[in-house]
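Note sheet for the following structure.
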Amino acid sequence: MSMKMEKDTAREDQETTSAVEPLSPISQLFVSPTLYCIIIFTLGFQTRCNPSSIVEGIKRTWIKFPRFSCKLEMKKKGKAVWVPATYRVEDHVIVPDIDYSNIENPDQFIEDYTSNLANTPMDISKPLWEFHILNIKTSNAESLCIGKLHHSLGDGMSLMSLLLAISRKTSNPEALPTTAATRKHVDSNDKDWWLVRRFWFMIRVIFTTVVELFKYILTLCFMRDSLTPLTGKTRDKILSRKIIQRFISLDDVKMVKNTMEMKINDVLLGMTQAGLSRYLSRKYDEDMVVEKKKLLEKIRLRGTVIVNLRETAKIEDLATMMAKGSKSRWGNFVGLVMFPIWVRSEDDPLEYIRRAKSTMDVKKLSLESLLCYQGIKLAMKMFGEKVVETLVRRIFDHTTLAFSNVVGPDEETSFFGHPMSYVTASALGGSQALIIHFVSYVDKIIINLAVDTTVIPDPHILCDDLVEALNVIKHAALEKGDRKMEV
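For the sequence shown, position 364 matches number 364 in full-length UniProt numbering, and the numbering has no gaps at all.
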């Protein structure tokens, strides 16, 4: 039965992918030595993990997607292509031989294990994915599945959609999970003055895009972020990544969102600004309060965001594709956006949220992410990969951190029969010393920090500052809400 399944899979792969397929422009950049990028994700389970169930589940679903049955092959002039490969799924599902009874601190062990994976190069002679199964109980799970993927396989939204497509609701094993992103939103029927509003909107979009593109040019030419304790070192590769996590309440974030009448992403960005301000404030001389405050105000700190350019997450399409062999859009369809981080010593914690919303409102108007993607494609054709690689690297070298927010399932979900307690992920690449990812799951948000420990030796303190920043903002929002009710 297993042999028949493998033959069917091989036949389906031949039908859905060519013998040799070039990488997309963005994926080509992720393969380059200086921008080498991988994704580490962790699935926490509520029960002990059965490795054989994971293997059989992957054979039924995961490997039916052509990308995961191909390997990278380098051609002349450094060009990489996808080539179908013969492999055993069992070789990619790793169950390490570990004596768990001698582990005193399971959370620290998982942190070290994940960080070691992040710092170990992938073997490009085989498909670029692997699962590590650890039946060890931690503070937040009974067992874990740690995945490692090369970013050339797809962007964060594609991979999260694929994860959801092979998962099922715990309450209904036959139903696909849902997220806020997969629900349909009803547009307003108010069409009064729509022509005037549309014209004014187009003017704002054009103006904002021109301004943001001008900032891009300045950054490529000479404009760097200020030197701070968060500034990364300019080098080809970071060999000392450390990944740590913290859990916060999604209800707390929603409370702030509703009180301030903003989006969840605004709250998370505001929390990040407040947390980084707390961390940098501590790093500077505690005895120089006045000078320190002025110093913070002079800091230029910016983050880069990989923005998904797809309209919707095609979970249903991916599930259908794996079941029937239909095709679905896949790959790295993303653009790059730069945003300023408001680093200040603010007396009003809600100011960080207001500034975040102001920044996000501008970015939503700008077409910089789409133009960035199209610009990379055009530059690849005109000047070649090396020139584009140099330009993109300058963006990362001249900014301080990377930031992203991925929406996970909002209902309890199982992964091949294993009920999940959380899911989190981090994309690692470039020269930035700090990468912050937020991933939601049901009623919680997981903060995932990936840091260069030669630059940030105390990432746990930085993570604590982010959590404490949310607590301070939450209390300020509660007081604001109470005042509204009194009025």
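All residues carry an ideal CB built from backbone N, CA and C; glycine is no exception.
- Starting from the N-terminal side, write out each stretch of the beta strand (DSSP E) that is 3 residues or longer and does not extend beyond the region 45–118. 70–74 and 80–84
- Sufficient close CB pairs (3 or more, under 8 angstroms) joining the region 17–36 to the region 127–145: no
- Task: Taking the CB atoms as reference points, tell me whether T219 and R394 lie closer together than 9 angstroms.
- Result: Taking the first residue of the sequence shown as position 1, residue 219 is located at position 219. Taking the first residue of the sequence shown as position 1, residue 394 is located at position 394. A contact, by the Cβ cut-off of 9 angstroms.
- Message: I want to know whether the region 418–427 touches the region 440–457 - three or more CB-CB distances under 8 angstroms.
- Response: yes
- Message: One question on the structure: do H151 and C37 come within less than 9 angstroms of each other, judged by their Cβ atoms?
- Response: Here residue 151 refers to the residue found at position 151 when the sequence shown is read from its first residue. Here residue 37 refers to the residue found at position 37 when the sequence shown is read from its first residue. Yes; because the gap between Cβ atoms is below 9 angstroms, this pair is in contact.
- Message: Taking only three categories from DSSP, how would you classify W200?
- Response: In the sequence shown, the residue the question calls residue 200 occupies position 200. Residue state, collapsed to three classes: helix.
- Task: Please look up how many angstroms separate the CB atoms of L378 and A118, rounded, as I've assumed it's under 8 angstroms.
- Result: Taking the first residue of the sequence shown as position 1, residue 378 is located at position 378. Taking the first residue of the sequence shown as position 1, residue 118 is located at position 118. L378 to A118, Cβ: 33 angstroms. No contact.
- By how many angstroms is the C-alpha of L176 removed from the C-alpha of D465? Translated into positions along the sequence shown, residue 465 becomes position 465. Translated into positions along the sequence shown, residue 176 becomes position 176. Their backbone Cα atoms lie some 36 angstroms apart in a straight line.
- Query: Taking the C-alpha atoms as reference points, what is the distance between I461 and V467?
  - Reply: Taking the first residue of the sequence shown as position 1, residue 461 is located at position 461. Taking the first residue of the sequence shown as position 1, residue 467 is located at position 467. In a straight line, the C-alpha of I461 is about 10 angstroms away from that of V467.
- Task: Pick helix, strand or coil for Q432, following the three-state DSSP scheme.
- Result: The residue you call residue 432 lines up with position 432 of the sequence shown. Three-state DSSP puts Q432 in coil, outside helix and strand.
- Message: Below 8 angstroms, how does it come out for the region 107–121 and the region 73–91: are there three or more Cβ pairs, yes or no?
- Response: no
- What separation, rounded to the nearest whole angstrom, lies between the Cα atoms of P173 and P409? In the sequence shown, residue 173 corresponds to position 173, counting from 1. In the sequence shown, residue 409 corresponds to position 409, counting from 1. Their backbone Cα atoms lie some 15 angstroms apart in a straight line.
- Message: Comparing C-alpha positions only, which one of L350, L367, E346 and V343 sits nearest to V334?
- Response: Position 334 of the sequence shown, counted from the start, is the residue given in the question as residue 334. Of L350, L367, E346 and V343, the residue nearest in Cα terms is L367.
- Whole angstroms is fine: what's the gap from L195's alpha carbon to V343's? Within the sequence shown, residue 195 is the residue found at index 195, counting from 1. Within the sequence shown, residue 343 is the residue found at index 343, counting from 1. The straight-line gap from Cα to Cα measures roughly 39 angstroms.
- Query: With burial defined as no fewer than 16 other Cβ atoms inside 10 Å of the residue's Cβ, what is the status of D155: buried or exposed?
  - Reply: For the purposes of this step, residue 155 is taken as the residue at position 155 of the sequence shown. Buried, since its Cβ has 16 or more Cβ neighbours within 10 Å.
- Message: What would DSSP say about residue 576, mapped onto helix, strand or coil?
- Response: In the structure displayed, the chain extends from 1 to 487; residue 576 sits before or after that span and is not available.
- Task: Mark I98 as exposed unless 16 or more other C-beta atoms lie within 10 angstroms of its C-beta, in which case mark it buried.
- Result: Here residue 98 is taken as the residue at index 98 of the sequence shown, counted from 1. Burial call: exposed.
- Message: Looking at the secondary structure, which residues open and close the beta strand (DSSP E) in which F351 lies?
- Response: Taking the first residue of the sequence shown as position 1, residue 351 is located at position 351. Note that residue 351 is Glu in the sequence shown here, rather than Phe. Note, E351: premise wrong, no beta strand (DSSP E); alpha helix (DSSP H) at L350 to L365.
- The alpha helix (DSSP H) with M382 in it runs from where to where? What you label residue 382 is simply residue 382 of the sequence shown in a count that begins at 1. Counting along the chain, the alpha helix (DSSP H) containing M382 begins and ends at E368 to F383.
- N265 to N405 span [Cα, whole Å]: Here residue 265 refers to the residue found at position 265 of the sequence shown. Here residue 405 refers to the residue found at position 405 of the sequence shown. For N265 and N405, the distance between alpha carbons rounds to 7 angstroms.
- Message: What residue range does the alpha helix (DSSP H) around L159 cover?
- Response: As a working mapping, residue 159 is identified with position 159 in the sequence shown. G156 to A165 is the span of the alpha helix (DSSP H), which, as asked, contains L159.
- Message: For a test of the three-state rule: what should DSSP assign to I447, helix, strand or coil?
- Response: The residue given as residue 447 occupies position 447 in the sequence shown. Correct three-state label for I447: strand.
- Item | As assigned by DSSP and simplified to three states, the class of F131 | Numbered from its first residue, the sequence shown carries residue 131 at position 131. Three-state result, F131: strand.
- Task: Check P25 in the structure and name its three-state DSSP category.
- Result: Looking up residue 25 in the sequence shown gives position 25. Of the three classes helix, strand and coil, the one that applies to P25 here is helix, per DSSP.
- Message: For A85, which residues in the same chain have their Cβ closer than 8 angstroms to its Cβ, ignoring the five residues on either side in sequence?
- Response: Translated into the one-based positions of the sequence shown, residue 85 becomes position 85. Once the five neighbours on either side are set aside, the close Cβ partners of A85 are S69, C70, K71, K126 and P127.
- Query: Helix, strand or coil for A175 per DSSP?
  - Reply: Counting from 1 along the sequence shown, the entry for residue 175 is found at position 175. Coil at A175, not helix or strand.
- Which residues mark the beginning and the end of the beta strand (DSSP E) in which S139 is found? As a working note, residue 139 is residue 139 in the sequence shown. Element bounds for S139: n/a, residue is neither H nor E.
- Task: Ignore the nearest five residues each way along the sequence and tell me which others in R204's own chain have a CB closer than 8 angstroms to its CB.
- Result: Here residue 204 corresponds to residue number 204 of the sequence shown, with the count starting at 1. Here the set comprises L365.
- Task: Measure the Cβ-Cβ separation of F403 and L213 and say whether it is below 9 angstroms.
- Result: The residue labelled residue 403 in the question sits at position 403 within the sequence shown. The residue labelled residue 213 in the question sits at position 213 within the sequence shown. Their beta carbons are not under 9 angstroms apart, which means F403 does not touch L213 by this criterion.
- Query: Which first and last residues belong to the beta strand (DSSP E) in which N405 is found?
  - Reply: Working through the sequence shown from its first residue, we reach residue 405 at position 405. Element bounds for N405: L401 to V406.
- Is the CB-CB distance between M255 and K59 below 9 angstroms? Looking up residue 255 in the sequence shown gives position 255. Looking up residue 59 in the sequence shown gives position 59. Contact flag unset, no.
- Would DSSP call H185 helix, strand or coil? Locating residue 185 in the sequence shown gives position 185, where the first residue counts as 1. Because H185 carries a pLDDT of 47, less than 50, the predicted location of this residue cannot be relied on, and the following value inherits that uncertainty. Coil at H185, not helix or strand.
- Task: Report yes if the C-beta distance between F45 and A141 is below 9 angstroms; otherwise report no.
- Result: The residue you call residue 45 lines up with position 45 of the sequence shown. The residue you call residue 141 lines up with position 141 of the sequence shown. Yes, Cβ-Cβ distance for F45 and A141 is below 9 angstroms.
- Message: Please report the distance separating the alpha-carbon of T400 from that of L230.
- Response: By one-based count along the sequence shown, residue 400 stands at place 400. By one-based count along the sequence shown, residue 230 stands at place 230. Distance between the alpha carbons of T400 and L230 is about 7 angstroms.
- What do you get for P96, buried or exposed, if any count of 16 or more other CB atoms within 10 angstroms of its CB means buried? Numbered from 1 along the sequence shown, position 96 holds the residue referred to as residue 96. Its Cβ having fewer than 16 others within 10 Å, P96 is exposed.
- For E121, which of S240, T359 and A477 has the nearest alpha-carbon? As a working mapping, residue 121 is identified with position 121 in the sequence shown. For the record, residue 121 in the displayed sequence is Pro; it is not Glu. P121 has its Cα closest to that of S240, out of S240, T359 and A477.
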